[in-house]
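Heads up: the sequence shown runs through residues 1082 to 1459, numbered per this note's numbering. What follows is a single structure, written as structure tokens, with notes after it.
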Amino acid sequence: MKRWKIAGICLAVAVAAAASGCGKKTGTETTAAESTAAETEEYVAESSVKLGEYKGIAVTVTEASVTDEEVENQIQQVLNSKAEYREVDRAAQTGDQVNIDYKGLLDGEAFEGGTAEGYDLTLGSGSFIDGFEDGLVGAVKGDQKDLNLTFPDPYPNNPDLAGKAVVFEVTVNAVKERSVPELTDEFVASVSPDDGTVEKYRESTRENLLEQKQLSIDNQRDTDILNAVVDNSEVVCSTASIDEAYDTQLKAYTNMLSSYGVDLATYAGMIGSDEDSFKQEIRQEAKEMAKQSLVLNEIAKQENITIDDSDKEALAKRYGYESLKTMLQNDNIDQKMVDDTALMQKTLDFLVENAKITVSTEENNAALNTEAAEDEAE
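Pasting the structure below:
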């Protein structure tokens, strides 16, 4: 996944809040969730920012490191992802894949979504309702089974089936065993031609993991610094700026989920929420990001921070694009968004450059934690 997809939502919201400033909201559609959230907020006509200390912010970060175990675990994940299923002449076991035809019957009648042919099901995956997969353990090719099961209650995928007793007529077409490839030079050449050998593959895996950890540490460092700067400041966001940030964040979430074939309501259900509650959470996030954007823009003014083409190109590279031109080909990104985001990124970089950053090793962290525990005990 490109870094833009991970961080793009936050950036888009920050841009929207900066762009809206103290202006009025026009041409936007108000949802029920937004109305409910907005009704509990006091209307604010104009935004205001009074900066506090923003230079010399003290933060502690952990030195990035990767263990041999982490390298081997990552390699094993790659091996597992390349596993193949090969047909075997024996009874099915948990972990095997069975190819099946099935028909679900409710009161003797087939129900919608309950029938399929040639379906590959991994036993133990939890893909089907309780009892379905267990009922196929021990089956052999050619077996026909009737599985008497009950749908869970509630059952969000199809509320009409919640708590209902059903029968699944299942025919086993094949039993397949999972085969995980061995780590060899030949395997490495197939997944990472630039490495070619197992030794080089381990080295590059370690480097990639270290890069990922460093990125995570840097992101947390930036977040901690920005949060501290916002906390040191007096910030009031106009209702219009919050509304604009909310609309932009909602659109960003919707577009991102849509790329995976999921809508907002479905995703909310997947995380144990509902659409209205999830939208209220998005609005709360938007409020915090609106504050951050106002602070960053005020600092940019105070420090006379400006951007040029090199900053925009750097932004494109930062988020996984070959060039600024390529970045602008994304339908969800326009020139103004790039300009505003590049300015805020440069301002955030300024805060980081002027922060007091202490790097600690895991050993130092352990010692600090022990010392803190002893102090607390005293």
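All C-beta atoms, glycine included, are put in the ideal place defined by N, C-alpha and C.
Asp-1392 counts as buried, since at least 16 other C-beta atoms from the protein chains shown sit within 10 angstroms of its C-beta. Look at Ile-1438 here: in three-state DSSP terms it is strand. When secondary structure is reduced to three states using DSSP, Tyr-1200 falls in the strand class. Beta bridge pairing from DSSP links Tyr-1166 with Arg-1259.
Separation of the CB atoms of Thr-1407 and Ala-1397 is rounded to 7 Å, and the pair is thereby assigned contact status at 8 Å.
By the criterion of at least three beta-carbon pairs nearer than 8 Å, the region 1263-1274 is not in contact with the region 1211-1223.
Phe-1249 sits away from Gly-1189, with the two beta carbons spaced by 7 Å or more.
An exposed status is given to Asn-1239, since fewer than 16 other beta-carbon atoms sit within 10 Å of its beta-carbon. With respect to the 7 Å criterion, Lys-1222 and Val-1256 are classified as neighbours on the basis of their beta carbons. With three or more CB-CB distances shorter than 8 Å, the region 1366-1377 counts as touching the region 1311-1329.
Annotation: the region 1292-1331 contains the following complete segments of the beta strand (DSSP E) (minimum length 3 residues), in chain order: 1315-1317.
In the structure shown, the three-state DSSP call for Phe-1209 is coil. Unbroken beta strand (DSSP E) stretches of 3 residues or longer found wholly inside the region 1225-1288: 1225-1231 and 1246-1260, given in chain order.
Boundaries of the alpha helix (DSSP H) harbouring Leu-1396: 1390-1399, taken from the DSSP string. For Asp-1177, the closest of Gly-1194, Ser-1314, Gly-1195 and Val-1253 by C-alpha to C-alpha distance is Val-1253. Contact check for Thr-1304 against Ala-1381 fails: the beta carbons are separated by 7 Å or more. Counting C-beta pairs with one atom in each stretch, the region 1285-1300 and the region 1145-1161 have three or more that are closer than 8 Å, which means they touch.
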